[in-house]
Amino acid sequence: HNPGYFPARLGQTLQGGRYCIVRKLGWGQYSSVWLAKDRNEESFVALKILTREATGAMSPGPNQRSDERTMLEKIGSAQPTHPGLQHTLTYYDSFQFKGPYGTHCCLVTEALGYSLDYIRKLRDEGDRRVPPSIVKRVVKQVLLGLDYIHQCGIVHADI
Numbered sequence: 498h499n500p501g502y503f504p505a506r507l508g509q510t511l512q513g514g515r516y517c518i519v520r521k522l523g524w525g526q527y528s529s530v531w532l533a534k535d536r537n538e539e540s541f542v543a544l545k546i547l548t549r550e551a552t553g554a555m556s557p558g559p560n561q562r563s564d565e566r567t568m569l570e571k572i573g574s575a576q577p578t579h580p581g582l583q584h585t586l587t588y589y590d591s592f593q594f595k596g597p598y599g600t601h602c603c604l605v606t607e608a609l610g611y612s613l614d615y616i617r618k619l620r621d622e623g624d625r626r627v628p629p630s631i632v633k634r635v636v637k638q639v640l641l642g643l644d645y646i647h648q649c650g651i652v653h654a655d656i
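In our numbering, each residue's number is its place in the sequence shown (first place is 1) plus 497.
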């Protein structure tokens, strides 16, 4: 257990009881992502809970290294008619809270579907190739989303 991560528990609530953690979706070097029930909206959302260190890196000042929240806000409001907008992550809210190891920033976004890798693994054991028609559709959507975020002045360097 890395003390930089918030030790979330299934059934735990955040933000005054609004978000109830349902299950872990994944994790990375700077955050863990959880499926949560938004009790106000009666819908599911993804909670990206940044590590203590990543939260500190977002703090304004000379040592600021990142501001994912600002990028998500810019993506959501820059060009509402661009066809690539529908292929980007929808950002809802953010908040900070104190955990046992320090302060954490939490980004609230839409909960997405399965990854292409997961879908590929669901296919028959003998042939896990994704049909070209699906690959073409996914690549087109990714390129539209990338074009949109580039129009927003953002470069995604981790695809």
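Glycine included, every Cβ here is placed at the ideal spot set by N, Cα and C.
Of the residues the options, the one placed nearest residue i, counting alpha carbons only
| i | options | result |
| --- | --- | --- |
| residue 566 | 545, 648, 578 | 545 |
| residue 513 | 594, 612, 607, 611 | 594 |
| residue 583 | 596, 607, 564, 524 | 607 |
| residue 652 | 616, 510, 547, 571 | 571 |
| residue 610 | 591, 549, 573, 541 | 541 |
| residue 599 | 552, 591, 538 | 552 |
Simplified DSSP assignment, three categories, for residue i
| i | result |
| --- | --- |
| residue 640 | helix |
| residue 607 | strand |
| residue 612 | coil |
| residue 505 | coil |
| residue 654 | coil |
| residue 552 | helix |
| residue 647 | helix |
| residue 635 | helix |
Environment of residue i [buried if 16+ CB atoms lie within 10 Å]
| i | result |
| --- | --- |
| residue 646 | buried |
| residue 601 | buried |
| residue 529 | buried |
| residue 654 | exposed |
| residue 585 | buried |
| residue 642 | buried |
| residue 605 | buried |
| residue 503 | buried |
| residue 640 | exposed |
For residue j and residue i, believed in contact at Cβ under 8 Å, the rounded distance
| i | j | result |
| --- | --- | --- |
| residue 625 | residue 618 | 7 Å |
| residue 644 | residue 581 | 5 Å |
| residue 603 | residue 507 | Not confirmed; about 16 Å, so no contact. |
| residue 524 | residue 505 | No, residue 524 and residue 505 are not in contact; Cβ-Cβ is about 10 Å, not under 8 Å. |
Residue i, enclosing beta strand (DSSP E) - first and last residue
| i | result |
| --- | --- |
| residue 520 | 516-524 |
| residue 596 | 588-596 |
| residue 535 | 528-535 |
| residue 542 | 540-547 |
Segment limits, alpha helix (DSSP H) that includes residue i
| i | result |
| --- | --- |
| residue 569 | 565-574 |
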